[in-house]
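> Protein chains in written order, with our numbering: chain A, 192 to 680; chain B, 135 to 613.
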């Protein structure tokens with residue numbers, strides 16, 4: 192089921208209503224059933240995979256607790272890792288690895304008939320697999336006890352607001368919340384609904400409108416001039432941000448309505464002043480997961496410089512691979528790793544450089560330059576993320592650098608041309624205004640407005656903003672049941 | 135809290151309505167700002183002639199055949215062809231009309247039109263739509279009703295609600311009753327809902343090769359529509375109108391798609407006809423664009439559909455289709471086939487025409503001639519005997535009966551028939567010739583020569599070419 196669908200519009204209020212009517216000790220069952228129903232709306236049989244992960248990890252963690260030695264715990268950790276990563280490899284990476292093996296053999300003139308499976312990628316498999324893995328690793332490390340209640344644990348793995356695209360929650364944070372009795376609080380519900388509304392706005396008004404432009408241009412870059420391709424690349428940066436952070440907002444908002452706090456997943460990443468700052472703001476639940484379960488175990492910062500560089504590169508390449516079984520994602524991840532290493536290597540040089548510039552003493556100018564540079568480094572990497580192949584990415588870069596400006600200013604809205612030539616400029620202006628509105632909302636911080644609860648002016652501001660978002664959503668939204676980009680990961 | 139919720143809701147609603155009113159009345163080019171916002175690219179009162187169609191339908195009651203479906207519907211069923219069957223027809227097709235739209239249109243007009251047969255047109259690319267485009271086409275062009283409300287909800291799209299509310303609040307300022315159809319030179323609206331166009335598609339673009347992804351929702355509505363019609367006691371058939379062969383080839387899963395339509399029909403025990411598999415229409419003559427028939431194609435297709443209806447639906451009286459007209463129609467086509475040398479097709483059509491009307495003398499007569507040409511003299515004799523019973527005074531019948539008898543060697547009977555013709559109609563010069571041949575076959579040479587000479591003296595212009603050979607033949611006989 193999609194958050195941006197009529198079905199969810201019925202499903203969610205129904206679940207919330209029943210939830211608050213039920214006594215606390217039945218609520219986990221309702222949420223568990225609702226979560227499985229939510230997931231099974233895509234492909235019912237794939238719910239079995241979640242059940243397998245849940246059962247194996249439940250049993251593995253319980254068994255771990257009974258072991259006296261680390262060695263004893265380790266074998267159950269391995270069981271969990273093999274099961275979860277095995278499912279992930281089988282459904283997500285098998286064809287890619289098989290093809291890569293085939294290509295490698297072919298390079299040595301050895302014929303190898305690589306097997307390929309026509310399997311549909313289970314929605315959200317990377318998310319729930321990582322979530323449940325973090326639980327078994329935490330139990331293995333002794334950071335939390337094994338959960339005894341299978342129902343609560345199953346709910347932790349499948350909790351519908353964040354099941355298919357995160358935030359990837361830690362058991363230490365989410366599981367205890369299921370045991371707490373949640374009371375209906377109007378302010379909290381309103382706040383959750385407001386966050387869901389903002390998420391929907393980002394997804395339906397901005398991301399899906401930008402998708403029309405980006406998809407057109409990236410499907411046939413030769414039909415467009417450099418300006419249009421460049422605009423499409425900028426648009427993609429905002430599309431993926433609005434799509435993914437929009438999903439996170441809806442997920443966090445929906446959980447909030449039910450009384451649960453999910454972790455923040457985005458913190459205005461495009462105002463980051465450096466790449467390391469960007470990763471503290473982008474997909475926070477994943478970057479912290481990699482930090483805690485891969486980077487630190489590899490040695491983290493507490494190692495030699497070469498080892499540290501190796502650790503950084505490994506984490507980012509693996510992060511790229513997590514996103515998809517394609518060389519483009521590996522390059523995207525690798526690029527971010529390289530950015531970080533170059534950033535670290537040039538830190539002193541940059542410090543001196545800024546010191547030499549007279550205007551840099553004004554922190555504002557420096558900040559703007561840093562933000563613009565960081566944004567464009569991220570933007571360059573997005574080309575690889577969006578392109579269907581490395582060849583396509585190279586072609587896109589070539590087309591941008593060819594400086595083909597023959598289309599003039601009409602190139603700005605050319606990506607909308609296939610929809611309706613006369614609507615192109617209108618759509619272009621609409622989407623730019625929507626992005627400005629989004630930035631405005633993020634700047635003023637909705638929560639701040641909410642805190643000033645009872646004053647007339649606060650009400651006026653809050654309601655005006657609500658009205659603007661709801662009406663723009665209704666009138667300018669693109670409603671075509673388009674899935675969220677991160678569902679494919 | 136309730137007071138706050140109420141205030142909040144009223145404020146929201148008021149803001150929404152004011153904005154909607156403003157956006158729907160500011161135009162850039164052909165479209166209002168609202169249309170740009172909601173991706174409504176339909177210009178009302180224009181291409182589909184829906185305004186005229188939904189005005190005209192108010193004058194119709196109790197029709198025999200109702201056509202319903204997409205733009206392929208109102209451009210494919212030529213009412214002139216169906217009119218020759220007798221009874222009344224109406225076409226309620228409209229642009230991009232998906233089954234969810236069709237369902238509510240049918241519900242709205244059912245009681246008034248009360249059709250005996252519904253011909254439900256299915257175009258694969260429309261069955262994959264969500265129904266929003268079809269809704270945008272219907273909404274401004276027809277009166278509002280509860281079925282419109284139903285359709286708005288069923289389309290399940292926020293922009294359908296926006297468009298509906300906009301239509302509602304603009305109704306006092308822009309009533310549909312005062313709307314004027316914009317003129318078009320490329321096509322013409324004909325009574326009964328049909329749109330006639332003589333354009334011939336010169337292009338070579340037939341759309342990208344891709345599979346149709348049928349919407350489950352629309353398929354459900356196809357089932358709903360069939361059930362609705364059957365529950366109301368009418369008959370229904372599913373039809374896919376002809377497309378250019380290139381367009382069919384561009385739909386990579388065309389066979390699977392039409393097989394699904396066939397299985398839906400079978401499930402409901404009704405017929406489905408895919409005319410892309412039964413008639414072959416050259417693209418260069420029969421299409422106005424890469425997928426719609428032009429007037430010529432519509433005519434040929436309508437004849438083919440009538441033929442199919444007549445062949446399959448034997449109880450034609452159920453539809454008030456006049457079998458005598460139908461029989462005439464079919465025999466006319468058979469005569470055309472006969473003159474084109476398509477004897478087998480002609481024979482089948484004559485038989486069909488005579489099944490519909492055993493007294494169709496035109497069919498009987500021409501079938502007799504065809505049988506003589508085919509050497510089936512006994513059959514020809516039977517047909518001419520039947521014709522004599524219908525009209526004993528028709529000399530052409532008596533003459534051809536004589537010809538059949540002569541070919542069967544029954545010379546005395548043949549001679550008698552030719553004599554009857556000569557006595558009643560001395561200008562019937564072929565009778566002298568045939569009588570002469572009969573006498574010659576019987577060895578009565580001098581009498582034969584005399585008749586040949588009579589023939590020469592009476593032969594009209596049509597038979598002038600025979601005079602010289604007959605003269606030469608007389609000379610040979612005299613030797």
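Every residue, glycine too, gets a C-beta built ideally from N, C-alpha and C.
Since the model is a prediction, treat every value here as computed from it, not as a measurement.
Whole-angstrom Cβ separation of residue 229 of chain B and residue 211 of chain B, contact assumed at under 8 Å?
So it is not a contact: roughly 16 Å between Cβ atoms.
> Output yes or no for whether 9 Å exceeds the beta carbon distance between residue 413 of chain B and residue 376 of chain B.
yes
> Could you say if the region 277-293 of chain B and the region 229-238 of chain B meet the contact criterion of at least three C-beta pairs nearer than 8 Å?
yes
> Is the CB-CB distance between residue 199 of chain B and residue 250 of chain B below 9 Å?
yes
> Taking all protein chains shown into account, decide if residue 360 of chain A is buried (16 or more other Cβ within 10 angstroms of its Cβ) or exposed.
buried
> Can you tell me which of the three DSSP states residue 254 of chain A falls into?
helix
> Taking the alpha-carbon positions, what's the residue 398 of chain B to residue 367 of chain B distance?
19 Å
> Along chain B, in chain order, which residues have C-beta atoms closer than 9 Å to that of residue 666 of chain A?
150, 153, 154, 157, 168, 171, 172, 292, 293, 296
> For residue 146 of chain B, which residues in chain A fall below 7 Å Cβ to Cβ?
658, 661
> What residues of chain E sit near residue 285 of chain B, judged by a beta carbon separation below 8 Å?
You won't find chain E in this structure, because its protein chains are A and B.
> Give me, in chain order, the residues of the same chain whose beta-carbon lies closer than 6 Å to that of residue 206 of chain A; leave out the 5 immediate sequence neighbours on both sides.
225
> Pick from A:476, A:273, A:252: whose alpha carbon is nearest that of residue 264 of chain A?
A:252
> Leaving out five residues on either side along the sequence, give the residues of the same chain with a beta carbon under 6 Å from the beta carbon of residue 425 of chain B.
Closer than 6 Å at Cβ, skipping near neighbours: 377, 381.
> Cα-Cα, which of B:202, B:490, B:516 is closest to residue 328 of chain B?
B:202
> Per the DSSP calculation, residue 223 of chain B is bridged to which residue(s)?
DSSP output for residue 223 of chain B lists B:199 as bridge partner(s).
> My understanding is that residue 380 of chain A touches residue 315 of chain A, with C-beta atoms under 8 Å, so please give their C-beta distance in whole angstroms.
Incorrect: roughly 26 Å between the Cβ atoms, too far for contact.
> Please say whether residue 664 of chain A and residue 388 of chain A have beta carbons closer to each other than 9 Å?
Between residue 388 of chain A and residue 664 of chain A, the C-beta gap is smaller than 9 Å, which places the two residues in contact.
> How about residue 187 of chain B: is its C-beta nearer than 9 Å to some C-beta of chain A?
no
> So what's residue 500 of chain A in DSSP terms, helix, strand or just coil?
helix
> For the alpha helix (DSSP H) that contains residue 533 of chain B, what are its first and last residues?
Annotation for residue 533 of chain B: the continuous alpha helix (DSSP H) segment containing it runs 529-541.
> Going by DSSP, name the residue or residues bridged to residue 518 of chain B.
None, per the DSSP bridge assignment.
> Kindly indicate which three-state DSSP category residue 592 of chain B falls into: helix, strand or coil?
Here residue 592 of chain B sits in helix by DSSP.
> Residues of chain A with a CB under 7 Å from the CB of residue 142 of chain B: which are they?
654
> Thinking residue 573 of chain A and residue 428 of chain A are a contact (beta carbons under 8 Å), I'd like their distance in whole angstroms, please.
Contact between residue 573 of chain A and residue 428 of chain A holds, since their C-beta atoms are separated by about 5 Å, short of 8 Å.
> Run through DSSP, which three-state label would residue 362 of chain A get?
helix
> Report the CB separation of residue 210 of chain A from residue 145 of chain B in whole angstroms; it is logged as a contact under 8 Å.
So it is not a contact: roughly 29 Å between Cβ atoms.
> Is it buried or exposed, residue 344 of chain A, if we count other Cβ atoms within 10 angstroms and call 16 or more buried?
Around the beta-carbon of residue 344 of chain A, 16 or more other beta-carbon atoms lie within 10 Å, marking it buried.
> Can you tell me whether DSSP reads residue 490 of chain B as helix, strand or coil?
If DSSP states are grouped into helix, strand and coil, residue 490 of chain B belongs with the helices.
> Please compile the residues from chain A whose C-beta is within a distance smaller than 8 Å of the C-beta of residue 472 of chain B.
Here the premise fails: no neighbours, minimum Cβ distance about 52 Å.
> In this structure, how does DSSP classify residue 254 of chain B when only helix, strand and coil are distinguished?
strand
> Can you tell me which of the three DSSP states residue 239 of chain B falls into?
helix
> When the distance is taken between beta carbons, is residue 619 of chain A closer than 9 Å to residue 631 of chain A?
No Cβ-Cβ contact shorter than 9 Å links residue 631 of chain A with residue 619 of chain A.
> So that I know if they touch, is there some Cβ in chain B lying closer than 9 Å to that of residue 192 of chain A?
no
> With DSSP as the reference, please indicate the residues paired to residue 287 of chain B in a beta bridge.
BP columns for residue 287 of chain B are empty, so no partner.
> Does the separation of the CB atoms of residue 279 of chain A and residue 357 of chain A fall below 9 Å?
no
> What residues from the region 244-268 of chain A come within 7 Å of chain B, judged by C-beta to C-beta, listed N to C?
For the region 244-268 of chain A, the set of residues with a beta-carbon nearer than 7 Å to any beta-carbon of chain B is empty.
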